[in-house]
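Notes for the one structure printed next.
There are 2 protein chains.
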Amino acid sequence: MSDVAERAGVSLSTVSRALRGAPGVAPQVRENVERAAAELSYVVSRGASSLVTGRTGRVAVLVPFLQPWFFGVALAGMNTQMRSSGRDMLVYQVGDVDELDGCIRSLPLRSNVDAVVAIALDLDEKEIAQLDEIGVPVVFCSQFVECRPSVFIDNSAAAAAATRHLLNLGHTRIAYINSRDATGFSWSSRDRLRGYRQAMAAAGAEPLVVTERPGHEGGALATGRLLSLDVPPTAVFAESDDVAMGVLRVLRRSRLDVPEVVSVMGFDDSDTAELLDLTTMAQPVFDMGACAARLADRVIDAPDSEPEHVQLETRLVVRQSTSTPRSTRNLTS
Amino acid sequence: MSDVAERAGVSLSTVSRALRGAPGVAPQVRENVERAAAELSYVVSRGASSLVTGRTGRVAVLVPFLQPWFFGVALAGMNTQMRSSGRDMLVYQVGDVDELDGCIRSLPLRSNVDAVVAIALDLDEKEIAQLDEIGVPVVFCSQFVECRPSVFIDNSAAAAAATRHLLNLGHTRIAYINSRDATGFSWSSRDRLRGYRQAMAAAGAEPLVVTERPGHEGGALATGRLLSLDVPPTAVFAESDDVAMGVLRVLRRSRLDVPEVVSVMGFDDSDTAELLDLTTMAQPVFDMGACAARLADRVIDAPDSEPEHVQLETRLVVRQSTSTPRSTRNLTS
DNA sequence: GGTGCGATTGGCATCGTTTGCAGACACTTC
DNA sequence: GAAGTGTCTGCAAACGATGCCAATCGCACC
């Protein structure tokens, strides 16, 4: 920076003010400084300035996985917003509770980031309290948390709407594939299950829930169970597109036509859903990421503002995997 | 840090040494300091220490996209390795050349990161030179660059091997779907195309190349063109799994059985490839990320060591989408 | 008992910025 | 022409760590 000052023929303070866009710098001088900085291809050291300001200009993002579609899209949304507000994005994968713990007590702690965004971590209260202890504001993305800034969708209402679509098509025997991993229920799947149950109850239909492990393997296993029932369902609502992929795979291998024999409904609208013509309940993941970044901006720039909750809309994307059940068609045709 | 010093009853320097694991601290004292730090849940400020040491403990990762499977997996690999070497990962999405440019001259520049990893950016020499100017060592992931540390696969050899598999099955009319976007050829697809041509030439088979835009839309469009040829191919080798998805989709909609009527070969072994039983040439993306992180470690810890090149192995994953062509089967059965 | 040595420890300058404060300067206003 | 009012600029003290250097300590050895 002193090089820039020398080249522009001004003092360090002036360079600092000029480059930071602070008021009280003559336009001419500012221009000189900016040119000098550009010529020397100089940028301020975030580390040094954060020492003084207490702001690092960095946000840590905690994700349970990096690989699935969902997180890539959410990160892309966050990244876009963060770039426009001039912040940098640190990414930490925290696959399990231990890693979360280690991460909390070591890496982005305290004076190394301005805020933390937790994406779809499905934390319980104890873990949230633990996060609070790091002394950095936390924003929740894809999880509703009371008294904390968070972006989320209404999983229950969305699942109910998806279920109603199947009911409206004339299905009554609609199975729901629920997933559970070693850690127990996650919030989103619990809410979705609830929405399914409500919609089924409201229609007077009998719920049919199978629980398997997450992912497409779980979907495949669950489908095996459904196909061996006394009366297999005519429609399957999978907790997520990923699970639905397992369902489609088994049905395809069994040469059971979709939607002719079985309708399949997903949740998420991942890119593979489009690829496989899966009807699904879309959630705006990119926007959710961008919104989380905005909430982070807000919590950093106005720490005392009250936590903001943003609920984003879902929408049903109807594709080729759902239709009226065969029996209905026979009657009406 | 002074709080910790006070609580442990020692000086600042001793705390610094103790927490950093530096030698010359009595075991008893070290333990006291560590306990005090833990009790105050204190962690060192990276910014402050980097001011003195010149090391930030951070690595910037430049990716063209965040959403595709490939980048999520590569980032996961990098993240794992970086965690174990105690570095933090900054992620920047640089979708186009302008963004790259902006990124280069603003964000992670100079004193804000110790190294930069460029994942699959397919940079040309001018851009590489530009990257050099930021004064931070650069590691290339999924691109071979002379005189720079880089991790990559032999795209040409891998594509040749994949093509040979189809040839060995008895196909002779094998189409290659090549993609090109607004920016022109990318390195990997150019190399893959070359491998395909070589294998075809070696077998005395006539190459058949169609070029479309990238992604599954491109695959779909290319398939349309292939299906309207005078003599459609019996096998299609898509430049990437993503492109292959478009191929499969069109074939499925056309009720052209895979592999009965057309064999399809992909490249990458993405998770959807497994899902759709796509035969594909797998590249070790996770390992590539991890390896890139190791190279970054090396270039940071031993700046003067000569640039290391790591070529990782690919392997053919045979699934259900390839088989002998129908004509062969007719002859042999 | 004095000396020398190695192992620990504390003091202090230092890294590159920001920022409060005061000085310099130009320009009004009386 | 002096005083008042801004606007702009420079000085110097932080910020929180590190690392050099010197001081201290314990201990064995002569």
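From first to last, the protein sequence lines are chains A and B.
Note that this note's numbering gives residue 303 to position 303 of the first sequence, counting from 1, and the numbers run on in steps of one.
Note that this note's numbering gives residue 237 to position 237 of the second sequence, counting from 1, and the numbers run on in steps of one.
Even for Gly, the Cβ is constructed at its ideal location relative to N, Cα and C.
It should be emphasised that the depicted structure is a prediction, and the values quoted were computed from it without experimental measurement.
Buried versus exposed call for residue i [16 or more other C-beta atoms within 10 Å across all chains shown]
{"i": "Pro303 of chain B", "result": "exposed"}
{"i": "Gln67 of chain B", "result": "buried"}
{"i": "Arg35 of chain A", "result": "exposed"}
{"i": "Ser188 of chain B", "result": "buried"}
{"i": "Glu239 of chain B", "result": "buried"}
{"i": "Val116 of chain B", "result": "buried"}
{"i": "Thr53 of chain A", "result": "exposed"}
{"i": "Ser333 of chain A", "result": "The predicted position of Ser333 of chain A is uncertain, since its pLDDT is 49 and thus under 50; a value taken from the coordinates is nonetheless stated next. By the neighbour-count rule (16 or more Cβ atoms within 10 Å), Ser333 of chain A is not buried but exposed."}
{"i": "Leu12 of chain B", "result": "exposed"}
{"i": "Ala201 of chain B", "result": "exposed"}
{"i": "Asp114 of chain B", "result": "buried"}
Any chain A beta carbon closer than 8 Å to residue i
{"i": "Met245 of chain B", "result": "yes"}
{"i": "Ser327 of chain B", "result": "no"}
{"i": "Val91 of chain B", "result": "yes"}
{"i": "Ala292 of chain B", "result": "no"}
{"i": "Glu133 of chain B", "result": "yes"}
{"i": "Arg46 of chain B", "result": "yes"}
{"i": "Thr272 of chain B", "result": "yes"}
{"i": "Ser50 of chain B", "result": "yes"}
{"i": "Ala296 of chain B", "result": "no"}
{"i": "Asp88 of chain B", "result": "yes"}
{"i": "Ser84 of chain B", "result": "no"}
{"i": "Leu75 of chain B", "result": "yes"}
{"i": "Ser240 of chain B", "result": "no"}
{"i": "Leu226 of chain B", "result": "no"}
{"i": "Leu275 of chain B", "result": "yes"}
Beta carbon proximity, residue i to chain B, threshold 8 Å
{"i": "Phe347 of chain A", "result": "For residue 347 of chain A there is no data in the structure shown, the boundaries of chain A being 1 and 333."}
{"i": "Thr56 of chain A", "result": "yes"}
{"i": "Gln67 of chain A", "result": "yes"}
{"i": "Ala112 of chain A", "result": "In the sequence as presented, Ala is not what sits at residue 112 of chain A; that position holds Asn. By this cut-off, Asn112 of chain A is an interface position."}
{"i": "Asn79 of chain A", "result": "yes"}
{"i": "Arg190 of chain A", "result": "no"}
{"i": "Leu12 of chain A", "result": "no"}
{"i": "Ser333 of chain A", "result": "Caution applies to Ser333 of chain A, whose pLDDT of 49 falls short of 50 and renders its modelled position unreliable; the value that the coordinates give is listed next. So no, Ser333 of chain A is outside the interface."}
{"i": "Ser41 of chain A", "result": "yes"}
{"i": "Leu208 of chain A", "result": "no"}
{"i": "His216 of chain A", "result": "yes"}
Alpha helix (DSSP H) segment containing residue i, residue limits
{"i": "Arg148 of chain A", "result": "Run containing Arg148 of chain A: none; DSSP gives neither H nor E here."}
{"i": "Arg249 of chain A", "result": "241–253"}
{"i": "His309 of chain B", "result": "Unbroken run through His309 of chain B is the beta strand (DSSP E), 309–312; no alpha helix (DSSP H)."}
{"i": "Arg306 of chain A", "result": "The identity of residue 306 of chain A in the sequence shown is Glu, whereas the question assumes Arg. Looking at the DSSP string, Glu306 of chain A is not in any alpha helix (DSSP H), and its letter there is neither H nor E."}
{"i": "Asp98 of chain B", "result": "97–104"}
{"i": "Ser156 of chain B", "result": "155–169"}
{"i": "Thr272 of chain B", "result": "271–275"}
Beta-carbon contacts of residue i that lie in its chain and below 8 Å, excluding the five residues immediately before and after
{"i": "Cys147 of chain B", "result": "Pro307"}
{"i": "Gly9 of chain A", "result": "Asn32"}
Close-in-space but distant-in-sequence residues of the same chain around residue i (CB under 7 Å, 5 per side omitted)
{"i": "Asp297 of chain B", "result": "Ser85"}
{"i": "Ala199 of chain B", "result": "Ala160, Thr163, Arg164, Leu167"}
{"i": "Pro64 of chain B", "result": "Val94, Gly95, Ala120, Leu121"}
{"i": "Ala37 of chain B", "result": "Val4, Leu19"}
{"i": "Asp287 of chain A", "result": "Gly77, Leu312"}
{"i": "Thr80 of chain B", "result": "Ala290"}
{"i": "Leu221 of chain A", "result": "Glu212"}
Proximal residues to residue i (C-beta, below 6 Å), its chain only, five neighbours per side dropped
{"i": "Arg173 of chain A", "result": "Pro233, Thr234"}
{"i": "Ser45 of chain A", "result": "none"}
{"i": "Val91 of chain B", "result": "Val61"}
{"i": "Asp191 of chain B", "result": "Asn155, Ser156"}
{"i": "Tyr176 of chain A", "result": "Tyr196, Val209, Phe237"}
The ligand HEM heavy atom lying under 7 Å from the CB of residue i
{"i": "Ser270 of chain B", "result": "Absence of the ligand HEM is noted for the structure shown, with no ligands found whatsoever."}
Delimiting residues of the beta strand (DSSP E) encompassing residue i
{"i": "Arg315 of chain B", "result": "315–317"}
{"i": "Ile119 of chain A", "result": "115–119"}
{"i": "Ile128 of chain A", "result": "Per DSSP, Ile128 of chain A belongs to no beta strand (DSSP E); it is in the alpha helix (DSSP H), 125–132."}
{"i": "Asp268 of chain B", "result": "263–268"}
{"i": "Thr280 of chain B", "result": "279–282"}
{"i": "Val138 of chain A", "result": "138–141"}
{"i": "Ser179 of chain B", "result": "174–179"}
{"i": "Val236 of chain B", "result": "235–238"}
### Task
Report the residue ranges of all alpha helix (DSSP H) runs contained in full by the segment 3–90 of chain B; include only those spanning at least 4 residues, in chain order.
12–20, 27–39, 46–53, 69–84
### Query
Of all the beta strand (DSSP E) runs that stay within the bounds of the segment 196–224 of chain B, which reach a length of 3 or more residues?
208–212
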